[in-house]
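Residue numbers (this note's numbering), protein chains in the order written: chain A, 1 to 412; chain B, 1 to 412; chain C, 1 to 135; chain D, 1 to 135. For every residue, glycine included, the Cβ atom is placed at its ideal position computed from N, Cα and C.
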Amino acid sequence: MKIDNSRAKQLRLDFPILNSNKNGKPIIYLDNGATTQKPQQVINAISAFYETQNANIHRGLYKLSQEATEAYEQAHAFTEKFINANPHEVIFTSGTTDSINMLAFTLPEITNGKNIVLTEMEHHANLVPWQQLAKRNSMKLKFIPIKDDFTLDYAAAEQLITEDTAIVSIVHTSNVLGTQNDAKRICALAKDNNAISIIDAAQSIPHSKIDVKRIDCDFLAFSGHKMCGPTGTGGLYGKHDLLEELPPYKTGGDMIRSVSKENAEWNDLPMKFEAGTPNIAGAIGLSEAITYLENIGMENIEAWEKQLLKYALEKTQEVGAITTFNPGVEKSAGILSFNIAGIHSHDLASLLDDDNICIRAGHHCAMPLMTKLGIPGTARASFYVYNTTEDIDALITGIKHTKQVFAKGIPK
Amino acid sequence: MKIDNSRAKQLRLDFPILNSNKNGKPIIYLDNGATTQKPQQVINAISAFYETQNANIHRGLYKLSQEATEAYEQAHAFTEKFINANPHEVIFTSGTTDSINMLAFTLPEITNGKNIVLTEMEHHANLVPWQQLAKRNSMKLKFIPIKDDFTLDYAAAEQLITEDTAIVSIVHTSNVLGTQNDAKRICALAKDNNAISIIDAAQSIPHSKIDVKRIDCDFLAFSGHKMCGPTGTGGLYGKHDLLEELPPYKTGGDMIRSVSKENAEWNDLPMKFEAGTPNIAGAIGLSEAITYLENIGMENIEAWEKQLLKYALEKTQEVGAITTFNPGVEKSAGILSFNIAGIHSHDLASLLDDDNICIRAGHHCAMPLMTKLGIPGTARASFYVYNTTEDIDALITGIKHTKQVFAKGIPK
Amino acid sequence: MSNIEETLSEEMYREHILDLYKSPHNFGDLEGATHKHKGFNPLCGDEITVQLIIKDGKVQAVKFKGQGCAINIASSSLLTDEIKGKTTQAIMEMKTPDVLDLMKIPISSVRFKCALLGLETLQKAVQGSEPDGNA
Amino acid sequence: MSNIEETLSEEMYREHILDLYKSPHNFGDLEGATHKHKGFNPLCGDEITVQLIIKDGKVQAVKFKGQGCAINIASSSLLTDEIKGKTTQAIMEMKTPDVLDLMKIPISSVRFKCALLGLETLQKAVQGSEPDGNA
Ligand SMILES: Cc1ncc(COP(=O)(O)O)c(C=O)c1O
Ligand SMILES: Cc1ncc(COP(=O)(O)O)c(C=O)c1O
Numbered sequence: 001m002k003i004d005n006s007r008a009k010q011l012r013l014d015f016p017i018l019n020s021n022k023n024g025k026p027i028i029y030l031d032n033g034a035t036t037q038k039p040q041q042v043i044n045a046i047s048a049f050y051e052t053q054n055a056n057i058h059r060g061l062y063k064l065s066q067e068a069t070e071a072y073e074q075a076h077a078f079t080e081k082f083i084n085a086n087p088h089e090v091i092f093t094s095g096t097t098d099s100i101n102m103l104a105f106t107l108p109e110i111t112n113g114k115n116i117v118l119t120e121m122e123h124h125a126n127l128v129p130w131q132q133l134a135k136r137n138s139m140k141l142k143f144i145p146i147k148d149d150f151t152l153d154y155a156a157a158e159q160l161i162t163e164d165t166a167i168v169s170i171v172h173t174s175n176v177l178g179t180q181n182d183a184k185r186i187c188a189l190a191k192d193n194n195a196i197s198i199i200d201a202a203q204s205i206p207h208s209k210i211d212v213k214r215i216d217c218d219f220l221a222f223s224g225h226k227m228c229g230p231t232g233t234g235g236l237y238g239k240h241d242l243l244e245e246l247p248p249y250k251t252g253g254d255m256i257r258s259v260s261k262e263n264a265e266w267n268d269l270p271m272k273f274e275a276g277t278p279n280i281a282g283a284i285g286l287s288e289a290i291t292y293l294e295n296i297g298m299e300n301i302e303a304w305e306k307q308l309l310k311y312a313l314e315k316t317q318e319v320g321a322i323t324t325f326n327p328g329v330e331k332s333a334g335i336l337s338f339n340i341a342g343i344h345s346h347d348l349a350s351l352l353d354d355d356n357i358c359i360r361a362g363h364h365c366a367m368p369l370m371t372k373l374g375i376p377g378t379a380r381a382s383f384y385v386y387n388t389t390e391d392i393d394a395l396i397t398g399i400k401h402t403k404q405v406f407a408k409g410i411p412k
Numbered sequence: 001m002k003i004d005n006s007r008a009k010q011l012r013l014d015f016p017i018l019n020s021n022k023n024g025k026p027i028i029y030l031d032n033g034a035t036t037q038k039p040q041q042v043i044n045a046i047s048a049f050y051e052t053q054n055a056n057i058h059r060g061l062y063k064l065s066q067e068a069t070e071a072y073e074q075a076h077a078f079t080e081k082f083i084n085a086n087p088h089e090v091i092f093t094s095g096t097t098d099s100i101n102m103l104a105f106t107l108p109e110i111t112n113g114k115n116i117v118l119t120e121m122e123h124h125a126n127l128v129p130w131q132q133l134a135k136r137n138s139m140k141l142k143f144i145p146i147k148d149d150f151t152l153d154y155a156a157a158e159q160l161i162t163e164d165t166a167i168v169s170i171v172h173t174s175n176v177l178g179t180q181n182d183a184k185r186i187c188a189l190a191k192d193n194n195a196i197s198i199i200d201a202a203q204s205i206p207h208s209k210i211d212v213k214r215i216d217c218d219f220l221a222f223s224g225h226k227m228c229g230p231t232g233t234g235g236l237y238g239k240h241d242l243l244e245e246l247p248p249y250k251t252g253g254d255m256i257r258s259v260s261k262e263n264a265e266w267n268d269l270p271m272k273f274e275a276g277t278p279n280i281a282g283a284i285g286l287s288e289a290i291t292y293l294e295n296i297g298m299e300n301i302e303a304w305e306k307q308l309l310k311y312a313l314e315k316t317q318e319v320g321a322i323t324t325f326n327p328g329v330e331k332s333a334g335i336l337s338f339n340i341a342g343i344h345s346h347d348l349a350s351l352l353d354d355d356n357i358c359i360r361a362g363h364h365c366a367m368p369l370m371t372k373l374g375i376p377g378t379a380r381a382s383f384y385v386y387n388t389t390e391d392i393d394a395l396i397t398g399i400k401h402t403k404q405v406f407a408k409g410i411p412k
Numbered sequence: 001m002s003n004i005e006e007t008l009s010e011e012m013y014r015e016h017i018l019d020l021y022k023s024p025h026n027f028g029d030l031e032g033a034t035h036k037h038k039g040f041n042p043l044c045g046d047e048i049t050v051q052l053i054i055k056d057g058k059v060q061a062v063k064f065k066g067q068g069c070a071i072n073i074a075s076s077s078l079l080t081d082e083i084k085g086k087t088t089q090a091i092m093e094m095k096t097p098d099v100l101d102l103m104k105i106p107i108s109s110v111r112f113k114c115a116l117l118g119l120e121t122l123q124k125a126v127q128g129s130e131p132d133g134n135a
Numbered sequence: 001m002s003n004i005e006e007t008l009s010e011e012m013y014r015e016h017i018l019d020l021y022k023s024p025h026n027f028g029d030l031e032g033a034t035h036k037h038k039g040f041n042p043l044c045g046d047e048i049t050v051q052l053i054i055k056d057g058k059v060q061a062v063k064f065k066g067q068g069c070a071i072n073i074a075s076s077s078l079l080t081d082e083i084k085g086k087t088t089q090a091i092m093e094m095k096t097p098d099v100l101d102l103m104k105i106p107i108s109s110v111r112f113k114c115a116l117l118g119l120e121t122l123q124k125a126v127q128g129s130e131p132d133g134n135a
């Protein structure tokens with residue numbers, strides 16, 4: 001079913017926070033890029049696990065442990081199906097940051113080449129781990145530049161990705177610009193040059209249909225908390241053969257087949273990469289979130305968020321004196337960064353908060369991008385399936401009010 | 001208040017699983033070494049977070065985010081107080097395995113020395129990461145042996161820990177033997193030799209009062225899920241100066257102060273070690289678990305579990321043909337490993353499960369210890385505050401029944 | 001929510017199973033073995049070694065040893081009885097149901113790995129893989 | 001559960017604050033500065049640079065620059081006015097309440113860092129620390 005305002009309002013009923021009040025006013029949540037709200041279904045799935053199935057997995061011979069193991073393995077299977085991966089190609093991690101760090105620690109063992117290619121619009125999570133790797137292994141970082149229209153310069157990418165390139169890791173959807181990068185195209189460039197391709201899907205997986213076979217990436221990282229799932233959850237997709245080749249990252253219980261005092265043999269996928277007791281309840285919550293999103297339909301979610309973006313772009317334009325940092329509806333997910341002339345984004349966020357309008361202000365963990373844009377930060381509204389054009393109207397009213405406050409100040 | 005059977009039964013009311021039935025029979029949960037059940041208070045704290053406070057932390061300027069940040073920081077403070085650490089000396093991790101891996105990756109930068117000293121009773125979590133480090137850095141592992149009474153050979157420890165020792169990492173309470181090792185004594189030996197001391201407190205922190213200042217350890221690792229808290233939570237205590245010296249492990253958002261394309265500066269403690277969006281709801285659940293345990297009193301918990309162990313040791317003795325692997329009540333926590341002559345622990349666990357009696361069977365992620373003991377595995381009953389002597393009676397009845405079944409077999 | 005069948009584990013411990021557990025057939029070392037493999041159940045640490053003499057593509061002799069649970073020992077016992085004289089191809093074609101047929105008891109899903117370790121190890125031995133490192 | 005005060009953020013945006021934001025005092029570069037520090041708010045990325053001429057332990061001149069929010073700029077403006085002629089010791093003794101007194105507005109706890117960045121940077125400059133690396 002296509003989403004419109006009335007469907008979005010219906011979905012909103014599933015989200016306790018969005019139906020609550022603070023100081024007598026409803027909460028207008030426009031910070032979905034940071035984390036999304038959780039539907040009651042997900043919250044209940046977590047509680048239900050603890051109330052009826054809680055046990056450690058893999059090693060218990062009793063029914064409770066067996067049920068927990070089955071639920072955990074089913075969460076794996078759901079997640080794999082969700083992104084069209086093969087069985088055992090998704091490793092559960094604590095989030096995108098964890099996933100990318102895992103790669104930055106283990107990939108050197110199976111790659112050659114001197115360069116790591118990123119983009120100028122990376123989140124720190126897909127930048128700092130590579131800086132560290134570059135320092136450890138004397139490699140060099142290269143950055144695919146951004147054009148004036150806030151899209152990637154693919155022509156430059158073709159120059160930058162060469163036979164010397166070991167790893168190409170790019171953000172799928174920019175958490176600042178909203179730009180939806182052509183992951184398939186970049187991965188093909190990587191493949192042509194025998195480089196490993198990695199997609200930071202933190203901002204794309206919650207909002208659009210991801211098909212790892214279509215993108216043909218080697219790895220793809222994501223976070224559960226940005227897609228209606230619990231905090232402390234996430235995943236790393238990897239092609240089966242690469243996961244087999246890759247050495248383990250964390251070691252300990254469950255990831256081994258056998259251990260002597262001096263040696264250990266690794267277990268099968270995905271256990272090889274899931275040392276210790278995993279976030280079992282978290283995985284079950286994540287799988288419930290996936291079910292929730294699939295019931296709505298990822299295509300429907302993406303389409304609705306683009307409609308919201310279109311509306312927001314029009315309305316901010318009408319206000320005037322607003323600079324937006326966005327490539328336009330065709331090329332952007334539902335994320336809108338902007339600045340108002342003469343008003344710092346912090347001050348805007350604070351004043352909007354008086355009316356419980358939640359937006360983010362600052363560098364959005366993308367400092368090099370801010371440097372590139374020549375600004376200290378932006379205000380950012382980011383949408384999800386439960387937002388409506390009325391939320392955007394409230395935002396616009398708040399912006400206008402902020403402009404008034406800044407024009408004269410509140411009298412003593 | 002001291003705990004007895006009636007107090008334990010009263011506490012049990014807080015744990016949904018322990019009040020439920022499976023196939024018409026109650027669940028007798030004796031696998032607390034693997035993971036503990038969760039009280040309703042903890043389950044509710046997690047739900048309440050998602051239903052009323054959910055937002056990302058640290059970077060939001062609106063009230064919801066600020067409340068989430070405060071709740072998360074309070075969880076840090078509670079955890080620090082719980083083990084008598086100073087502010088900012090506890091890093092949240094996803095569990096003991098994560099904590100120890102973090103050290104195995106980062107400690108080489110601040111240590112010298114060729115040897116890593118462990119014990120013969122380590123869980124794989126405190127063994128395999130050090131094997132890997134030893135391989136990476138050409139170091140050698142040494143093992144403090146176990147004496148015939150299942151306690152550590154401290155005289156041997158004095159010989160093994162020398163000026164060549166870089167790291168001493170020992171399990172506080174053995175998850176197989178129950179043995180409570182003298183952490184203070186081993187840490188003093190480490191200190192005398194300028195070695196870093198690490199305590200694997202996975203099995204001690206849930207069951208006894210931990211005071212890191214008294215133990216005087218450099219680091220201490222633990223898991224939330226073994227102490228009434230959520231899965232996917234845990235911590236690493238570290239002395240302030242060492243945490244300052246230690247390089248970061250995972251890198252990304254929130255753990256940096258500033259980032260350029262080529263460089264990053266680290267943030268203050270504990271953020272330096274908590275890259276990315278943490279398990280916020282998990283931390284809040286963990287802090288609720290700590291409150292729950294403190295209300296009962298850690299000394300009371302330890303005393304009650306020793307009483308249960310005493311009772312179990314007596315009762316198993318009465319059955320006959322049972323070998324126990326335990327140093328006795330004075331030196332053991334509430335964990336009892338045993339084998340019945342002629343009956344494999346798997347078969348026992350399966351037959352006990354017919355009556356919903358949950359125990360663990362196998363190597364308990366301590367294969368080298370099994371090799372040392374010359375057995376493939378053990379059956380293990382591990383107690384928590386909500387267990388009663390009646391649970392042990394049920395276990396003994398189950399053991400007797402198993403012996404009968406094995407004596408003649410079920411007729412066709 | 002759960003697919004765990006409600007049969008009691010006790011149903012597994014039939015007399016014929018326990019008899020084999022106590023006195024397994026084909027248990028011990030095989031002199032002159034041409035094929036050998038040590039199998040491992042990472043879940044519990046149980047291990048079992050299968051040794052064979054294979055000639056002209058047929059099993060001439062087979063023995064197994066190890067410290068396993070009743071289900072593991074009984075299934076290995078039945079299996080080694082079953083395959084004597086069989087072709088290696090026939091052995092490689094054996095599947096889970098064949099083992100269950102031999103055992104004639106309901107196996108709870110938790111214990112599947114115990115029941116199948118014998119077959120897995122046998123097939124690896126026939127394929128000619130060498131014993132695992134950690135002897 | 002929460003300690004967040006219920007005052008509106010709007011209360012912060014008084015005329016005197018916004019006037020200073022739009023036309024801050026002591027804004028710009030200081031020639032011949034003897035002390036300098038660049039302060040940084042890692043939460044938002046805002047930065048501010050404070051430059052001083054200190055002679056005989058007293059502040060002879062002070063300037064600041066940076067791209068901050070209204071709260072940050074206004075507090076830095078008020079602070080730099082306040083400390084002219086003061087001893088370095090007096091500056092090092094200044095605390096949060098002194099800044100709040102100068103600003104004469106309620107600061108919501110979320111914005112404390114914005115209000116205090118000026119003082120922190122000033123004190124680091126006086127202590128003689130060098131500017132941070134990332135210039
Ligand atoms: C002594 C000991 N150390 C470490 C661990 C690993 O803990 P986790 O699986 O929570 O990381 C365990 C848990 O089984 C344990 O008993
Ligand atoms: C594009 C992008 N990558 C990575 C991350 C890091 O995700 P997490 O904090 O869940 O590890 C984020 C989240 O802010 C993001 O927006």
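- At least one heavy atom of ligand 2 lies closer than 7 Å to the C-beta of A:S223.
- By the rule that beta-carbons nearer than 8 Å mark a contact, A:Q66 touches chain C.
- In the structure shown, B:I83 adopts coil according to DSSP, grouped into three states.
- For the region 46-75 of chain A, residues whose beta-carbon sits nearer than 9 Å to a beta-carbon of chain C comprise A48, T52, Q53, H58, R59, G60, L61, Y62, K63, S65, Q66, E67, T69, E70 and A71.
- Non-local C-beta neighbours of C:T87 in its own chain, meaning closer than 7 Å and more than five positions away in sequence, comprise G57 and K58, ordered along the chain.
- A Cβ-Cβ distance of about 5 Å is found for the pair B:L246 and B:T106, placing them in contact under the 8 Å criterion.
- For A:D31, the three-state secondary structure derived from DSSP is strand.
- Chain order gives the chain C residues near B:D354 as L8, S9 and E10, where near means a beta carbon separation below 7 Å.
- Secondary structure at D:I54: strand, using DSSP grouped into helix, strand and coil.
- Fully enclosed beta strand (DSSP E) runs of no fewer than 3 residues occupy 90-93 and 115-119 of the region 84-139 of chain A, in order along the chain.
- By the Cβ-count criterion, A:R59 is buried, with 16 or more other Cβ atoms from all chains shown falling within 10 Å of its own Cβ.
- When only Cα atoms are considered, A:G232 and D:L102 end up about 42 Å apart.
- Near chain B, meaning a CB-to-CB distance below 8 Å, the residues of the region 232-247 of chain A are G232 and T233.
- Taking a C-beta cut-off of 7 Å against chain D, the contacting residues of the region 362-377 of chain A are G362, H363, M367, M370, P376 and G377, listed in chain order.
- Bounds of any alpha helix (DSSP H) do not take in B:A166; it lies within the beta strand (DSSP E) bounded by T165 to V171.
- Annotation for C:K36: the continuous beta strand (DSSP E) segment containing it runs H35 to F40.
- Close to A:C358, with beta-carbon spacing below 8 Å, are these residues of chain B in chain order: A55, G60, Y62, L64 and S65.
- Here B:E80 is buried, its C-beta having at least 16 other C-beta atoms within 10 Å.
- Across the set C:C69, C:F112, C:D81 and C:L78, the C-alpha of C:C69 shows the shortest separation from the C-alpha of B:I375.
- In the three-state scheme derived from DSSP, where H, G and I count as helix and E and B as strand, C:E47 is classed as strand.
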